Every structure is written in C-alpha cells, then in structure tokens.
Amino acid sequence: MFELIGIPPQALFGQLLLGLINGSFYALLSLGLAVIFGMLNVINFAHGALYMLGAFVAWFLLQYLGLGYFWALILSPVIVGGVGIVIEKTMLSRLYKLDHLYGLLLTFGIALILEGGFKHEFGVSGQSYPVPSTFAGGTNLGFMFLPYYRGWVVLLSIVVCLATWYAIEKTRLGSYLRAATENPRLVQSFGINVPVMITMTYGVGVALAGLAGVMAAPIYSVNPLMGSNLIIVVFAVVVIGGMGSIFGAVVSGYMLGILEGLTKVFFPEASNIVVFVIMVVVLLARPAGLFGRER
Amino acid sequence: MSVKYSTTPSGTVTGRLAGKASLIIGTILIAGLLVAPYVFYPAFLMKALCFALFACAFNLMLGFVGLLSFGHAAFFGAAAYATGFAAKEWGFTPELAILFGGLVGGAFGLLFGWIAIRRQGIYFAMITLALSQMVFFFALQATAVTGGEDGLQGVPRGAVFGLISLEGSLPMYYFVVAVFLLCFFLIWRIVNSPFGAVLKSIRENEPRAISLGYRVDRFKLIAFGLSAALTGVAGGTKTIALQLASLTDIQWQMSGEVILMTLLGGVGTLVGPAVGAGLVISLQNFLATSGLPVTTVVGVIFVVCVLAFRRGIVGEFNAFLGRRRH
C-alpha cells in the first residue's frame, strides 16, 4: 500500500469519510437555517434542539410503536415540522415587527425548554438506535472500509440538498418564495398568502433538521445535548457560506466537514476549532461570507 | 437592537426630583447590601453580586450601544481562569489577580470586537458566539492552565494588599460588595459621560452618528473592550469568592444566561441587569433542590420575557412611573 505524507491511507480515508458524514449533517442543518433565515430573517437557535427532537422521535417510534427506520425517515420530519409550525404560529409570528434579534432570543429560549425537558427525562447518557438491517455491514473498497449506512447518509443528504435547491431556485413556488423575501407586500398584493408561506417555510426548514436527526440516530447516540454541541459549528458554517445563501450553506457544509476530517489527521488538537478559525479568516477577507451578498 | 427601551429617556425623568429619589433608593440599596449577609447565605449573595456585575457589564453593549454579543461567557470564563491561575500558581494577591483577570477579559474583548464589529445585528451575535466557542475549546484542551474538565479548584482567596485576609466569609463578602459598587459606579460614569452619549446616539441612529463625524467603529470597539474588561472583573471576582473556575463559566450557555438576566431585569436600564441577575440566581438556587428541570424553567421565563415584557422588570417600572407623571 502507498502512503501519503506519512499517513496510512486507511486513517486518511477513514477521517475523510467521517468528515464527509459530518459535512452531510452540517449541510442539511445549515440548509434549513439558510431557508428560514432567507424568508423569516430569524436565526433559528432552536434548530439544534429540533434536530435532537427528530432523533428522539425516531427512537420513540421504534421503542413504543415498533416502527422502524424508514417509517421514522418519513414520520419524524413531519412531526418535527408540525412542532415548527406551532412554534411559528403561536410565538415567532408575533415578533416580526420587532428587531430580528428577538427571534434569535425566542428560539434560544425554546431550545432551552426542549433540551432541559429531555435532559430531565432521559439524562445525558443517551439511547442507542440500531443501524437498520437494510444497511447492515459494509464493503471493502481496497483503500478503505465503507459501512453501507454511512454511504447511504452521504447519498441521501446530497439528494435532499439538491432537491431543496431545485425547489427554491427552479420551481414556481420557489420563485414566489424568493420574491417574498425581497418584497413581501408586493407578493401579497398578487394574491399570494405570504403569512402561510412563511409558516410553511419555517415548517420545512425545521423538518430538514428533524430529518437530519433521524439520519444521525444510528451513527451517534440519541441524547438531549446532541443538538447544542453541533449547532454552534453549524452557525459558523452558515456565517462562512454567507447567511441566507442556500448554495453557500450546502457547499460550505460539505467543505468544512471534509476540512475538519483532514485536520483530525494532520493536526488533531485543532480539529475542534478549525471551523471557527476559517470563519474568522473568511470574515476578515469577505465580511458577507463566501457566497453571501453584502446587505 | 433598534427598539426603544424606556418610554422616558434616562435622565429626563423630571430632573432633580428623580435625582433625589434615586439618591435615596441608592442609599437604601447600599445599606441593604451591607446588612444582607446577616439574613442570607453569604456564598449565595457573592455569587449573585458577581453575576449582577457581569450582567451590568454585558448591558453596556446591549443596552447602551445596541449590540447583542452572544460571546460574553468567553470574557467571563477566560478571566475566571486567568484570575484563578494567577492566584494559585503565581501567588497574586486577590486584587491583583482580579485586575489581571479584567485585563485578560478586556484583551479578548478588543480582539473579538476587532473581528466582529465589521458586522451588525444577527451577524454580530453569531460571530461573537462562534469566537467564544473557540475560547471554550481552547480552555477544554489547555489542561495545564485550565485543569480541563476538572477546572481550577481550591483557588486561594489570599489577603487584600497582603493585609486583610479574605478567608472568612464576611470579609470576602464585603470585598465583593466593594468590587461591585466600584465597577457599578464606573459603569454609571461611562453611561453618563460624553462618551456614553455618543454610544447612545450610535444605538439610536448609527448613520446620523457617522454623519456627525464620529468614528463609530472606534467607539464601539472601546465600549466592547470596556464591557469585556468589566465582565472579566466579574469573572475574576467570582473565582476568588467561590474558589473555583470551571468550564461552566466559559460555555456558550453562560452567554445565554447573562442575556436572560439583562432582558429580565430591563435592557438599557442601569440597575435592571443587576435585578435580573439576582432573580435568576435565586431561582436557580431554589430550583436546584426542587426536582424541577432548571433549564426548562429558565427557558420558559426567557420565552415569556421575549414575548410579553421586553422592557424587563425595571423597564416596565420606569414606564409605569413615566405614565403616572404625564
């Protein structure tokens, strides 16, 4: 076997795969954040908590109803999205006339409520969720071992990201959505129900977080703090990509995941902060982010 | 935040009369602080005072410049470690150790500010949050200085100027009161100085402040540094008083907690954050033994604050007084 700069290829590709997996979650979560930010101008601090909720719903479905992974993949985003719609209808919608920071603070409070509640009920040790039997095992690619489930996660996240991007950039509904972010009053005067669109946008954005939660359940343990550990990194990813930019969120999500994996190989001490370091560098060079517009 | 914090601009709550009233209230409050340790547990009071100072320092940014920093835990925690390390390893006397903590906090503040002030609003909040997370991971890994997961334990309280021992809980308490009052006075001076007036004008109408020829970014940066330095003093004092610096001090949840304290008490009011801090610390103390999930209750209060009374307790009270006068 060949060696790359003194690093055995198994370790290198293993970390690259891990980075790609993490990147998939970064991309899915920052995609939801970007969609919500674009439409509502709210930084959804509850995003991590709702991702956690998605994983827990999957676990509940299996534990109490015997519904497996593929059911969870459909039901959990629907349930989490429903929770999001309730949050938007009852609370967030009251704050749009105020400074956007209040949206951030409100969703922060909601995150505390959700995480505190689950921590109280389930402790911090976490529940395990089995890898679905369809994806048991893996294959040896020669240079590395690829577990099927991990491959599926990467594949599914790419498909979901592409589909969301297509829906927003290429469909009629997406064009309404983009128009409404520019000028909601004008779009409303064309007879389009903008408030409902805002509610649905929040629901869909949050459902993406729920979906990511289900996908994460078999890989990481399902625990109340899984969201809060991840969300700050995702915030940094969003800042790097340029807030509100769908494309930027997805691309920088995968990119930073992979970069983090590489850092783990070459300079493990810095792997936790590499994303933040990059954020600072990007900000100094391009304050609006890599793909963002200055506003 | 471009929201009006009180219906009556501070200072004009009918001039001299209010001045006299606040003098009386101030005297009563200080007297209350002096007798408090005979009624309440001193360790609890010291903790409450340190967080009150933290919230007041934080409010210097949010309330008077209108910038929401989500990274103030970094200054609080970094100063907590710096103070603890200086007292424990270098044998600094408490006042020097705290001063060192304040300097470390201020230095981090200038660094954060230099990066974050380029952006406003939500962007500013997110950047400060991410920067503070860097400091957190550094603290987690630099175990030689911070003790990692264990934190710095058994920090010696020492003796002020090498003369007055702080080992007893009463001397320690009065030392904390002295630090708090000194810093509070400083904040009051900052807010009511020409410099403070410029800060408020930036909060109210930044483009106009720029067009008047103020170098707004420089003012913001100085304010950020001051706020971080005072936050550092709060963190350092907490370390000396409770003899502990830990990862809790530097976690991002702490940044959220100080926002809650400020919001609950009243953003942009002088005493509001202190009131809010007192309430939150009391509540946490009370809930710790009740079996209720503390985080959830705190979260509910947060949500109610944001939805229903954004002016906070002191802000609502001021508004109530304002309405009665007219």
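Sequence order for the protein chains is G and Y. Using the numbering used here, the first residue of the first sequence is number 1212, and each one after it goes up by one. Using the numbering used here, the first residue of the second sequence is number 600, and each one after it goes up by one. Think of the CB as a built atom: it goes at the ideal place given N, C-alpha and C, for glycine as much as any other residue. Keep in mind that this is a model prediction, so the values were computed, not measured.
Item to complete: Tell me whether Thr607/Y sits in a helix, a strand or coil according to DSSP, three-state version.
Response: The predicted model places Thr607/Y with a pLDDT of 39, which falls under 50 and marks its position as unreliable; any figure quoted below should be read in that light. DSSP, reduced to helix, strand and coil, places Thr607/Y outside both helices and strands of the structure shown, so it counts as coil.
Worksheet item: For Thr1350/G, which beta-bridge partners are listed by DSSP?
Response: Its beta-bridge partners are Leu1357/G.
Worksheet item: Contact check, Ala828/Y vs Gly662/Y under 8 Å by CB: the rounded distance?
Response: Incorrect: roughly 17 Å between the Cβ atoms, too far for contact.
Worksheet item: Any beta-carbon of chain G closer than 9 Å to the one on Pro892/Y?
Response: Taking Cβ atoms only, chain G reaches closer than 9 Å to Pro892/Y, which makes this a yes.
Worksheet item: In chain order, what residues of the same chain lie with their CB nearer than 6 Å to the CB of Thr649/Y, ignoring the 5 residues before and after it?
Response: The sequence shown places Cys at residue 649/Y, rather than the Thr named in the question. Correct list, in chain order: Ala833, Thr836 and Lys837.
Practice prompt. Output, in chain order, the set of chain Y residues within a Cβ distance shorter than 9 Å of Pro1498/G.
Written response: Among the residues of chain Y, those whose CB is under 9 Å from the CB of Pro1498/G are Arg717, Arg718 and Tyr722, following chain order.
Worksheet entry | Closer than 8 Å at the beta carbon, the chain Y residues around Asn1508/G | Here chain G comprises residues numbered 1212 to 1506, so residue 1508/G is not present and cannot be evaluated.
Discussion item. Using a Cβ-Cβ distance cut-off of 9 Å, determine whether Phe1267/G contacts chain Y.
Written reply: So no, Phe1267/G is outside the interface.
Discussion item. Could you give the first and the last residue of the continuous alpha helix (DSSP H) run that contains Ala1257/G?
Written reply: Annotation: Ala1257/G is outside any alpha helix (DSSP H) and is labelled neither H nor E by DSSP.
Worksheet item: So what's Ser764/Y in DSSP terms, helix, strand or just coil?
Response: In this structure, Ser764/Y counts as strand in the three-state DSSP scheme.
Worksheet entry | Backbone CA spacing between Leu1501/G and Ile1451/G [nearest angstrom] | So the two alpha carbons sit approximately 6 Å from each other.
Worksheet item: Looking at Trp1363/G and Val1461/G, is the spacing between their C-beta atoms short of 9 Å?
Response: In this structure, Val1461/G sits away from Trp1363/G, with a CB-CB distance that is not shorter than 9 Å.
Worksheet item: Nearest to Ala630/Y by CA position, among Lys799/Y, Glu694/Y, Ser810/Y and Tyr773/Y, is which residue?
Response: Nearest C-alpha to Ala630/Y: Tyr773/Y.
Item to complete: Could you tell me whether the Cβ atoms of Val1486/G and Leu1470/G are closer together than 9 Å?
Response: Their beta carbons are under 9 Å apart, which means Val1486/G touches Leu1470/G by this criterion.
Worksheet item: For Val905/Y versus Leu862/Y, is the C-beta spacing smaller than 9 Å?
Response: Pairing Val905/Y with Leu862/Y gives a Cβ-Cβ distance under 9 Å.
Worksheet item: Run through DSSP, which three-state label would Leu891/Y get?
Response: Coil at Leu891/Y, not helix or strand.
Worksheet item: Applying a beta-carbon distance threshold of less than 8 Å, which residues of chain Y neighbour Leu1441/G?
Response: In chain order: nothing, as chain Y lies at least about 12 Å away.
Worksheet item: What are the boundary residues of the alpha helix (DSSP H) that includes Asp816/Y?
Response: That run of the alpha helix (DSSP H) goes Val815 to Leu841.
Item to complete: Mind checking which residues open and close the alpha helix (DSSP H) that includes Ser810/Y?
Response: That run of the alpha helix (DSSP H) goes Glu805 to Ser810.
Practice prompt. For the alpha helix (DSSP H) containing Pro1406/G, list its first residue and its last residue.
Written response: It spans Val1405 to Ala1427 - the alpha helix (DSSP H) in which Pro1406/G sits, taken as one unbroken run.
Worksheet item: Hey, how far is the Cα of Met1212/G from the Cα of Leu1357/G?
Response: For Met1212/G, the pLDDT reaches just 46, beneath the cut-off of 50, and the residue's location in the model is therefore unreliable, although a value from the coordinates is still provided. Looking at the two C-alpha atoms, the distance is approximately 18 Å.
Discussion item. List, in chain order, every chain Y residue whose beta-carbon is nearer than 8 Å to that of Gly1327/G.
Written reply: Taking the beta carbon of Gly1327/G as reference, the chain Y residues within 8 Å of it are Pro892, Val893, Thr894, Thr895, Val896, Val897 and Gly898, listed in sequence order.
Practice prompt. With a threshold of 8 Å, establish whether the CB of Gly898/Y neighbours any heavy atom of the ligand ADP.
Written response: Looking at this structure, you won't find the ligand ADP or any other ligand, since it has none at all.
Worksheet entry | Through-space distance from Ile1409/G to Ala738/Y, alpha-carbon basis | Approximately 41 Å, taken between the alpha carbons.
Worksheet item: Which residues share a DSSP beta bridge with Leu751/Y?
Response: Secondary-structure assignment with DSSP links Leu751/Y through a beta bridge to Ala844/Y.
Worksheet item: Mind checking if Met1212/G is an interface residue toward chain Y, Cβ cutoff 9 Å exclusive?
Response: Summary for Met1212/G: the model assigns pLDDT 46, below 50, so the residue's position carries little reliability; its value from the coordinates is reported in the next sentence. Cβ-Cβ to chain Y under 9 Å: no for Met1212/G.
Discussion item. Assuming contact is defined by CB atoms lying nearer than 9 Å, are Cys655/Y and Phe823/Y in contact in what I supplied?
Written reply: Cβ distance not < 9 Å, so Cys655/Y and Phe823/Y don't count as in contact.
Worksheet item: Would Val1268/G be called buried (16 or more neighbouring beta carbons within 10 Å of its own) or exposed?
Response: Answer is buried; the Cβ neighbour count reaches 16.
Practice prompt. Just mark Arg910/Y as buried or exposed, buried being the case when its beta carbon has 16 or more other beta carbons within 10 Å.
Written response: By the 10 Å Cβ count, Arg910/Y comes out buried.
Fill in: Identified DSSP bridge partners for Ala758/Y
Beta-bridge pairing links Ala758/Y to Ser764/Y.
Worksheet item: The alpha helix (DSSP H) with Glu1326/G in it runs from where to where?
Response: Unbroken alpha helix (DSSP H) run through Glu1326/G: Leu1312 to Phe1333.
Fill in: Beta-carbon neighbours of Phe901/Y, restricted to chain G and to distances below 9 Å
Within chain G, the residues Leu1316, Leu1317, Phe1319, Gly1320, Ile1321, Leu1323 and Ile1324 have their CB atoms less than 9 Å from the CB of Phe901/Y, given in chain order.
Discussion item. Quick check: is the beta carbon of Met1454/G nearer than 9 Å to any beta carbon in chain A?
Written reply: Among the protein chains of the structure shown, namely G and Y, there is no chain A.
Worksheet entry | Within-9 Å CB hit, Val1365/G to chain Y | Chain Y contact via Cβ: absent.
Item to complete: Say whether the segment 1254–1268 of chain G touches the segment 1286–1294 of chain G, bearing in mind that this needs 3 or more beta-carbon pairs closer than 8 Å, one atom from each stretch.
Response: Yes, since at least three Cβ pairs between the segment 1254–1268 of chain G and the segment 1286–1294 of chain G fall closer than 8 Å, the two stretches touch.
Practice prompt. List the residues that DSSP assigns as beta-bridge partners of Val1433/G.
Written response: Gln1338/G.
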